[in-house]
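**Student:** Once you've had a glance at the structure underneath, I'll fire off some questions.
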Amino acid sequence: MGSLENGVPLKRAPLFRSLSRSERQSFGHRPRSRFARFFLLEKVDYLQWICTIGVFLFVIILFQAFLPGSVMEKSGDYLVEQTQTGLVSRDSFVLKEFDGLNFGEGIRFDPSKLLEKLERESKEVNLSSALSRPVFRSGIRKPQLALVFADLSVEPGQLLMVSVAVSLMEIGYAIQVYSLEDGPAGVAWRSIGVPITIIENSNKPDIAVDWLNYDGILVNSLEARDVVSCLVQEPFKSVPVIWTVHEKTLAFRLRQYTSNGQTQLVSDWKQAFIRATVVVFPNYFLPMMYSTFDAGNYFVIPGSPNEAWEADSFMASYNRDDLRVKMGYSTDDFVIAIVGSEFSYSGLWLEHAFVLQALLPLFSQFQSDDSSSSRLKVRLLSGNSTSNYKLAMEAIAINLGYPKEHVEQIGIDGDVNSLLSTADIVIYGSFLEEQSFPEILIQAMCFGKPIIAPDLAMIKKYVDDRVNGYLFPKENIGILTQVLFQAISNTKLSPLARNIASIAKDPARNLMVSETIEGYAFILEKVLKFPSEVAPPKAITDIPPRLKEEWQWHLFEEIESPKYLNRTLRSYSFLDKVEELWNESHMENSGFTSAISEAFSYTDWEEEKAIEMINARKRREEEELKDRTDQPHGTWEEVYRGAKRADRAKNDLRERDDRELERTGQPLCIYEPYHGEGTWPFLHNASLYRGIGLSTKGRRPGADDVDAPSRLPLLNNPYYRNILGEYGAFFAIANRVDRVHKSAWIGFQSWRAAARKVSLSKVAENALLNAIEERKHGDTLYFWARMDKDPRNPLQQDFWSFCDAINAGNCRFAVSEALRRMYGIKNDLDCLPPMPINGDTWSVMHSWALPTRSFLEFVMFSRMFVDALDAQMYDEHHQSGRCYLSLSKDRHCYSRVLELLVNVWSYHSARRMVFVNPETGAMQEQHKLKSRRGQMWVRWFSYTTLKSMDEDLAEESDSDKPTRRWLWPSTGEVFWQGIFERERNIRNRQKEKRKQQSKDKISRMRKRVRQKAIGKYVKPPPEDEGDSNSTALQ
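According to our numbering, the sequence shown is numbered sequentially starting from 37.
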């Protein structure tokens, strides 16, 4: 398992060393004499004799088959033999004799790999000095966290996350809650000022949430797996996910899945666990149970209000006296519960045996008038009730001298709450050094029971002897008997024990609050990498101590909670639904072929195949006949263009759907760039819109979307697909635009605009189309996502300040250097175009519309600008993944600069800029032309200048064939007048060549020497032969 120490076995080694040969030889005599004395002195009838012999043989076989041999040899001798010495001295003698005894040896969960990875990434973030320029953090907004729940029912998981959220908000986090179902716990969240969004359906395609708005996502419980599965898809793969898993139910089902051959279902769950950046467990036992899914991302944050919640809910729902009667106890019975570690190891049975022997002297106090019975009841809570461990412990109890049925083993999968609520005292009978305080002891303390435990390090951290519990040295188990006599007085709990239980109850409800809150703050600090506009949260030490003292119980006290809610049954119900859905899809996939085979016989398939061949032959003949029909001849240019159109039509295998036919007559087409299945819920299906997939893998099936990589092969490179973002779609559409776009106007809208509720409504769409058709504003940039309303700009900064804020303080420098390189300007000139501060706003999120001709001009400028940016950043960013526009490794690098570039071009190219209200369609012109006079750099952005620069680059690419790495030729069509003239000259030469070949052929035909005829052939007259059948020689 990735998070466990290597080479450590899952079970503890035997506690005792093997004995010498002499000790093993002396072992066989004394038990045999005790056995003989037992049967000779006891008065038993014949039937009891037979039963006793059978039980004894069964115990011997059981011990030999299931218990460790080296432990059995010594422990058997010790447990059966009764000496005249006292119990305490005997225990001390045994422990001293076994000098190899080391209690508490076992496995430890150590997330060293995960911590090393997080520490390495944290150091990389701090390596800003290695960049070519210093970077800065503006800190204009708070870090955003999304908390995801399966429902908002009142349960301990909600209490835990509310308590954590209150502390996180105190140190600077902003939190948003998402839930698949509503519930009464929403009252608690709203009371602390956290907004709640209910996701209508839990089906993956319908989860329409832009998770890129959040710096981190905290998912709670297995039932929210659909959200984790959604985060596996692009573009959400890079969002940090912290998944808290409290349930054991899936771990119990894993073996069943494997035995049933449901490997694909196991694989699906494993993929979900792998997707999580960190999987958090509330104790150190759950990582062992989920070791199958461990990818080195497991982490434990100990502490949960679950035990206190369970105890309160159980006591409110059941009466203790009724439970005692139900469990077979009388009012005078004194019940002692022996509990232990959740881990299974080979020495646990022996540790419980020591505790049982320490309890033996108590039987004299609880002996009833009938010597065969006692009012002392001992219940062992450990292991599985169906395992052989139960039989082993019963055999040990009988050998120790306990009356039959007074010692009973209860499986940990049984009703633990009933046992702890009816017990009078709880003993922790495990000596394994735990990494956190045992949950079973917290639960017992919350039930108001006095606890007795060994002085393990983790237990001593929270339990003070004779204050909130009893402690005894693990090296001297005999002291346990003395502690028991102090806790029990006259067959009842002593006043001191009652006082200890009362004192321990309230602190136990909030025993590990501080560790839990600090644990979540720590893992968030290590995992989250904030962009430059985010203000880092405060340190963990700045969390107020009052928030770390107790859970936020008061927020849930006023909520009407239902009766005792069994979350385990709910979790099993969820797993049943997942299995049912998986089985249905598996049956559909596997049964499709068999269903077809049953529906059609072999002869039917042969007949269908013959029909298909006949139809294909007919279609081929019709196409050949169609090509042979007479066509009117035109000029060479017309024939050339017709051939080109035929080639394009031949390569276009896509059928035109209704939306494309409707789009043909519209003046505007808005393209929606997207990457990955996670964006599909935000894309429109109306004829006004058309998707453009930046990756071939993530295209919508059956949709009329443009495949950007097929139009621009540069996008097949993941590096440029990520760094260009939506600009990859711009370049792909502009590359031979007439082949895909036929409208006079073109628009783009980011899928994130729909997620932020700033996409065009029906009213706004009609208003925009009317303005275009009526030519209200002429050559205009219409936009509907404004910068002053962007969540990244809460301070409503000006253009360049906002650009610097989201680009680590280096936007101005990057733009000026790119323009200097693009225009070939000397270093002593200012190359940063002015963007005025006049109260108007700018466009963000690539949501705008332009005339198609202006769009091509903008792309011409953008190609040269992007090439200049790439030239100055490629080497550093491609090698290290870092650039001076981001504080950490960022695969998008300068894409945030490109997001604002359309504003610079449209402002300085003297185009109108009109904001369209996405809801009402109202239009308002921004940065009016009159106010721009004297501030625009028109020469730099004029079409003549850009066209001449574009042709110079095309001539260089076409003529010089440079060998250096150069991005510009890969971003679109390379064309200049020389290419047109060269192609025209080539066509003319080919035409002249064909004419000359025709003349030469005619000349050769005319000059050909023809041979004169020798004479005419005259057929001789027939000879008179008389008999035509005669063969006689003349």
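Each residue gets a CB set at the ideal place from its N, CA and C atoms; glycine is no exception. As the structure is a prediction and not an experimental result, all values here were calculated from the model.
Could you tell me the alpha carbon to alpha carbon distance between T328 and P543, rounded to whole angstroms?
**Tutor:** Rounded to whole angstroms, T328 to P543 spans 36 Å at the Cα level.
**Student:** Excluding sequence positions up to five away, which residues of its chain have a Cβ less than 8 Å from the Cβ of V880?
**Tutor:** Cβ within range, chain order: A821, R822, M823, D826, E935 and L936.
**Student:** Check L455 in the structure and name its three-state DSSP category.
**Tutor:** If DSSP states are grouped into helix, strand and coil, L455 belongs with the helices.
**Student:** Exposed or buried, what is R177 when buried is set at 16 or more other beta-carbons lying within 10 Å of its beta-carbon?
**Tutor:** Buried, because 16 or more other Cβ atoms sit within 10 Å of the Cβ of R177.
**Student:** Around the Cβ of E634, are there at least 16 other Cβ atoms within 10 angstroms (buried) or fewer (exposed)?
**Tutor:** In this prediction, E634 scores a pLDDT of 45, lower than 50, which makes its location untrustworthy; no coordinate-derived value is stated.
**Student:** My understanding is that L611 touches L286, with C-beta atoms under 8 Å, so please give their C-beta distance in whole angstroms.
**Tutor:** Indeed they touch by this definition, with Cβ atoms about 6 Å apart.
**Student:** Ends of the beta strand (DSSP E) at L417?
**Tutor:** Taken as a continuous stretch (DSSP letters only), the beta strand (DSSP E) holding L417 covers L412 to L417.
**Student:** Looking at the secondary structure, which residues open and close the alpha helix (DSSP H) in which M481 lies?
**Tutor:** Looking at the DSSP string, the run of the alpha helix (DSSP H) that includes M481 is E475 to C482.
**Student:** I need the DSSP call for T233, collapsed to helix, strand or coil.
**Tutor:** Three-state result, T233: strand.
**Student:** Using DSSP with H/G/I as helix, E/B as strand and the rest coil, what is Q588?
**Tutor:** Reduced to three states, the DSSP call for Q588 is coil.
**Student:** For a minimum of 3 consecutive residues, which ranges assigned as the beta strand (DSSP E) are wholly contained in the stretch 694 to 718?
**Tutor:** Fully enclosed beta strand (DSSP E) runs of 3 or longer: 704 to 710.
**Student:** Between the stretch 196 to 210 and the stretch 347 to 360, are three or more C-beta pairs nearer than 8 Å?
**Tutor:** Output reads no: the stretch 347 to 360 does not touch the stretch 196 to 210.
**Student:** May I ask you to list the residues that DSSP assigns as paired with G252?
**Tutor:** L181, per the DSSP bridge assignment.
**Student:** Under the DSSP definition of a beta bridge, which residues are partnered with Y334?
**Tutor:** Beta-bridge pairing links Y334 to V315.
**Student:** First and last residue of the alpha helix (DSSP H) that includes S353?
**Tutor:** That run of the alpha helix (DSSP H) goes N342 to S353.
**Student:** According to DSSP, simplified to helix, strand and coil, what is K440?
**Tutor:** In the structure shown, K440 sits in coil (DSSP, three-state: anything other than H, G, I, E or B).
**Student:** For M324, count neighbouring Cβ atoms within 10 angstroms of its own Cβ and tell me buried if that reaches 16, exposed if not.
**Tutor:** Its Cβ being crowded by 16 or more others within 10 Å, M324 is buried.
**Student:** Under a Cβ-count criterion, where at least 16 other Cβ atoms within 10 Å of its own Cβ denotes burial, should G860 be classed as buried or exposed?
**Tutor:** Answer is exposed; the Cβ neighbour count stays below 16.
**Student:** I'd like the list of long-range same chain contacts for V950, defined as Cβ closer than 6 Å, with 5 residues on each side in sequence excluded.
**Tutor:** Within the same chain, V950 has close Cβ partners H813, T816, Y818, M959 and E961.
**Student:** Could you give the DSSP three-state label for E551: helix, strand or coil?
**Tutor:** DSSP places E551 in helix when its eight states are reduced to three.
**Student:** In angstroms, rounded to a whole number, what distance separates the CA positions of E561 and V245?
**Tutor:** Taking the straight line from one Cα to the other gives about 24 Å.
**Student:** Start and end of the beta strand (DSSP E) containing L507?
**Tutor:** Unbroken beta strand (DSSP E) run through L507: Y506 to F508.
**Student:** Below 7 Å CB to CB, which residues in the same chain sit around M197 once its five sequence neighbours on both sides are set aside?
**Tutor:** Closer than 7 Å at the Cβ level, and outside the excluded window around M197, lie L183 and N256.
**Student:** Please state whether DSSP places M871 in a helix, a strand or coil.
**Tutor:** M871: coil per DSSP, three-state reduction.
**Student:** Are the beta-carbon atoms belonging to A221 and L188 less than 8 Å from one another?
**Tutor:** Closer than 8 Å, so yes.
**Student:** Any idea which residues DSSP pairs R726 with across the strands?
**Tutor:** Y707, per the DSSP bridge assignment.
**Student:** Is it buried or exposed, V1045, if we count other Cβ atoms within 10 angstroms and call 16 or more buried?
**Tutor:** V1045 comes out exposed.
**Student:** Helix, strand or coil for G627 per DSSP?
**Tutor:** Any reading at G627 must be qualified, since the residue scores a pLDDT of 49, below 50, and its modelled position is unreliable; no value is offered.
**Student:** Let me check understanding here. Comparing Cα to Cα, which of L989, D348 and A389 lies closest to M858?
**Tutor:** The shortest Cα separation from M858 among L989, D348 and A389 belongs to L989.
**Student:** For L412 versus I372, is the C-beta spacing smaller than 8 Å?
**Tutor:** Yes, Cβ-Cβ distance for L412 and I372 is below 8 Å.
**Student:** Here's the rule I'm using: 16 or more other beta-carbon atoms within 10 Å means buried, otherwise exposed. How should H590 be labelled?
**Tutor:** Exposed, since its Cβ has fewer than 16 Cβ neighbours within 10 Å.
**Student:** Please determine, among M909, V933, A489 and V851, the residue with the shortest C-alpha to C-alpha distance to I842.
**Tutor:** Nearest option by C-alpha distance: V933.
**Student:** How many Å lie between R311 and S538 at the Cα?
**Tutor:** Cα to Cα, R311 sits roughly 45 Å from S538.
**Student:** Assign G193 to one of three DSSP states: helix, strand, or coil.
**Tutor:** Of the three classes helix, strand and coil, the one that applies to G193 here is helix, per DSSP.
**Student:** Can you tell me whether F467 is helix, strand or coil according to DSSP?
**Tutor:** Here F467 sits in coil by DSSP.
**Student:** So who's on the other strand from A790, going by DSSP bridges?
**Tutor:** Answer by DSSP bridge pairing: none, since A790 is not bridged.
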